[in-house]
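Encoded as structure tokens, the structure appears first; notes follow it.
In the numbering used here, the protein residues as written are 21 to 504.
Okay, structure coming up:
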């Protein structure tokens, strides 16, 4: 049968035909004719929506996930995802895969993507800045994933240099073209993950455009792209709630989740269909179970999962995972931290056993009153902290608590550093503002004249006044001489 697309080259369809006529007339969720894409007509527009599931049909097919593992570069690899699934994760995302690098180097895909038959439901995330590169990369994982996600939320400097992630948020037409192109040409549903824009209305308009373009699920990180590292601010759950009220597709909330209790509070506040967690999971893969296991136990378990579910990315991800999981102990045994920083993965895998021996030795010699470590507290302090937090927040509705004792954790260590830097920056800003206001006031009163090259007229009155003062002083001197 004749192909529905013209065979002339196009920036969005460089090598037609891509698909059968039946699939070409499948659901689009957006007006392709309105996009100006070639080969679409009003008759074909009327036939859309017959093959691909709607947003909530796709959400139900995934099992109505509430607890989602976020896509994390070189961190949410196969072994880590499987460990999180064991402890209650309903859905997991792969690490972000660079679509442009796959196009330039096919071996990059084999290193970046790895899955298992038990690794479901799974959504694969790509970053891209052209419709064809996003589509070509997505085709490589069809059949091995349940969804294709477009990254529009990465705020890092490399994303700015590569022109992808959160630095595409203002380019609504490009976003629309990428999502619509993938939606029309893939059997796999397409999703998107964004950060918010400075203005709430702009964020809602962008969310609606993504929905109309064919995205089946939208994940919203409640921070702007400027909020990273020491400038990290509070997550805006109010804008996520507004987006959820405006859209007809499932919405996942991301950002600001520190404790398991925050998950329920976030869903209640925003009405989101699920909550995506990243950094808190890196510290505790059992996060969604509500438990805080001993660091040694969870590190041992991760080592076992890394052997059971090997993938090319595991070699790069193993060290940072182990350092985060054993963070509290390595901050105490600083010699081990220094040694493991340069040790191979095989040596790091023995870290939990060595830490247990250190603990046992401390327990054996803790009879003296000079003992600095209580073994029971070391092994159970997370449970003590958890009970303390529950008592503190029993009747509280706060979503993002900040308590002093949370600085014990790896997550809080970095967040506390950011909070301190934010306070320093705010103090500097206030000081500069006070200096500016002082200079303006002095300038208005005529006491200070700065950065002026036309001083003749400005300073003439002052010069005359000074000359007048000199004359007065001279007169006074003469009078004094006469009196003498």
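Heads up, the beta-carbon is just placed ideally off N, CA and C, and yes, glycines get one too. Computed from a predicted structure; not experimentally measured.
Residue environment, residue i, which counts as buried when at least 16 other CB atoms sit within 10 Å
{"i": "residue 303", "result": "buried"}
{"i": "residue 243", "result": "buried"}
{"i": "residue 375", "result": "buried"}
{"i": "residue 134", "result": "buried"}
{"i": "residue 84", "result": "exposed"}
{"i": "residue 310", "result": "exposed"}
{"i": "residue 267", "result": "buried"}
{"i": "residue 440", "result": "exposed"}
{"i": "residue 178", "result": "exposed"}
{"i": "residue 361", "result": "exposed"}
{"i": "residue 455", "result": "exposed"}
{"i": "residue 208", "result": "buried"}
Contact set for residue i: own chain, Cβ-Cβ below 6 angstroms, skip 5 residues either direction
{"i": "residue 119", "result": "146, 148, 153, 154, 157"}
{"i": "residue 56", "result": "Residue placement at residue 56 cannot be trusted, given a pLDDT of 41 that sits under 50; what the coordinates show is reported in the next sentence. Cβ neighbours of residue 56 beyond the five flanking positions: none."}
{"i": "residue 324", "result": "none"}
{"i": "residue 336", "result": "94"}
{"i": "residue 141", "result": "82, 111, 166"}
{"i": "residue 151", "result": "32, 197, 198, 201"}
{"i": "residue 245", "result": "175, 186, 215"}
{"i": "residue 445", "result": "none"}
Segment limits, beta strand (DSSP E) that includes residue i
{"i": "residue 273", "result": "271–274"}
{"i": "residue 365", "result": "Element bounds for residue 365: not the beta strand (DSSP E) but the alpha helix (DSSP H), 365–368."}
{"i": "residue 240", "result": "238–241"}
{"i": "residue 145", "result": "142–147"}
{"i": "residue 169", "result": "167–172"}
{"i": "residue 88", "result": "87–89"}
{"i": "residue 212", "result": "210–215"}
{"i": "residue 294", "result": "294–297"}
Whole-Å CB distance - residue i paired with residue j, under 8 angstroms assumed
{"i": "residue 75", "j": "residue 224", "result": "In fact, because the Cβ distance is near 17 angstroms, the residues do not count as touching under 8 angstroms."}
{"i": "residue 96", "j": "residue 112", "result": "7 angstroms"}
{"i": "residue 132", "j": "residue 169", "result": "In fact, because the Cβ distance is near 14 angstroms, the residues do not count as touching under 8 angstroms."}
{"i": "residue 326", "j": "residue 186", "result": "Not confirmed; about 31 angstroms, so no contact."}
{"i": "residue 367", "j": "residue 86", "result": "That pair is no contact at about 39 angstroms."}
{"i": "residue 315", "j": "residue 348", "result": "6 angstroms"}
{"i": "residue 143", "j": "residue 172", "result": "With 8 angstroms as the limit, residue 143 and residue 172 do not qualify as a contact, their Cβ atoms being about 14 angstroms apart."}
Pick from the options that is closest to residue i, judged by C-alpha positions
{"i": "residue 275", "options": "184, 187, 290, 447", "result": "290"}
{"i": "residue 371", "options": "171, 382, 342", "result": "342"}
{"i": "residue 442", "options": "339, 453, 248, 317", "result": "248"}
{"i": "residue 205", "options": "72, 316, 122, 126", "result": "72"}
{"i": "residue 260", "options": "272, 253, 299", "result": "272"}
{"i": "residue 306", "options": "104, 219, 161, 447", "result": "104"}
{"i": "residue 269", "options": "229, 363, 334, 296", "result": "229"}
{"i": "residue 363", "options": "345, 348, 338, 314", "result": "338"}
{"i": "residue 240", "options": "246, 354, 233, 264", "result": "264"}
{"i": "residue 192", "options": "159, 231, 361, 327", "result": "231"}
{"i": "residue 161", "options": "445, 297, 296, 117", "result": "117"}
{"i": "residue 333", "options": "352, 130, 144", "result": "130"}
{"i": "residue 278", "options": "255, 293, 262, 288", "result": "255"}
{"i": "residue 331", "options": "107, 79, 114, 106", "result": "114"}
{"i": "residue 80", "options": "385, 383, 461, 293", "result": "293"}
Short CB-CB distance (under 9 angstroms) between residue i and chain C
{"i": "residue 252", "result": "The structure shown contains no chain C; it holds only a single protein chain."}
Residue range of the unbroken alpha helix (DSSP H) whose run includes residue i
{"i": "residue 80", "result": "75–81"}
{"i": "residue 316", "result": "315–328"}
Same chain, Cβ closer than 7 angstroms to residue i, neighbours up to 5 away in sequence not counted
{"i": "residue 101", "result": "89, 112, 139"}
{"i": "residue 298", "result": "90, 92"}
{"i": "residue 473", "result": "Because the pLDDT at residue 473 is just 44, under 50, the model does not fix this residue reliably, and the value given afterwards should be weighed accordingly. Hits under 7 angstroms: none found."}
{"i": "residue 329", "result": "98, 99, 102, 136"}
{"i": "residue 218", "result": "244"}
Cβ-heavy atom distance, residue i to the ligand PLP, below 8 angstroms
{"i": "residue 247", "result": "This structure does not include the ligand PLP; it has no bound ligands of any sort."}
Neighbourhood of residue i by C-beta distance below 8 angstroms, restricted to the same chain and skipping five residues each side
{"i": "residue 123", "result": "153, 156, 157"}
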